[in-house]
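Here's the structure, in structure tokens; my notes come after.
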């Protein structure tokens, strides 16, 4: 960065950071959007719509043989209902020692004949961007897993296991826009973040983590 490109973050703004790193045992890719001070009603509502899409994809169960393009609408549905959308793919495969964005699997509007299979890792990253104002994206990496089939099921089922563990900014969530199931998903996710990450950080960070992952 340079003095010409740096900009001070101001109260009331949103800060979107897409980050990650390559380690000997894997590659990470994560995006979080955080509020710098209290956010406006529009920003909170649209953040919550993005969150609803993120949860819908993360929690879905689907038959074996499904492609990412068949699941893409789940992440966009809440935004579409209010005439909003985003112009990038919802999910991409993740490489190790190669490209962070690596196929053949992906989740997007564009047609893709590659079926999602157990063990595939893909991102779950719906977003919303208001030109000249702010951007929102929530990204976790998820792994395709086999899902227990109920009695009478005629096809094997798959689902996603969330791999990324980091708090989602609760101050940007409008709880009244979430269903009971969505609230339960977020609370369970934050409980897992707290349980697994707290032993790995120092006391000061642990205090922040506990506050950031409180139930809604």
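Residue numbers (my numbering): 15 to 230.
A virtual CB, placed ideally from N, CA and C, is assigned to each residue, including glycine.
Bounds of the beta strand (DSSP E) holding residue 149 are 148 to 151. For residue 96, same chain residues with a beta-carbon under 7 Å away, outside a window of 5 residues either side, are 63 in chain order. Per DSSP, the unbroken alpha helix (DSSP H) holding residue 219 starts and ends at 217 to 226. Look at residue 137 here: in three-state DSSP terms it is strand. The distance from the Cβ of residue 76 to that of residue 150 is about 26 Å, inconsistent with a contact at the 8 Å cut-off.
For residue 33, the enclosing beta strand (DSSP E) starts and ends at 27 to 33. A distance below 7 Å between beta-carbons, with the five flanking residues on each side excluded, links residue 166 to no residue of its chain. By the Cβ-count criterion, residue 108 is buried, with 16 or more other Cβ atoms from all chains shown falling within 10 Å of its own Cβ.
Secondary structure at residue 91: helix, using DSSP grouped into helix, strand and coil.
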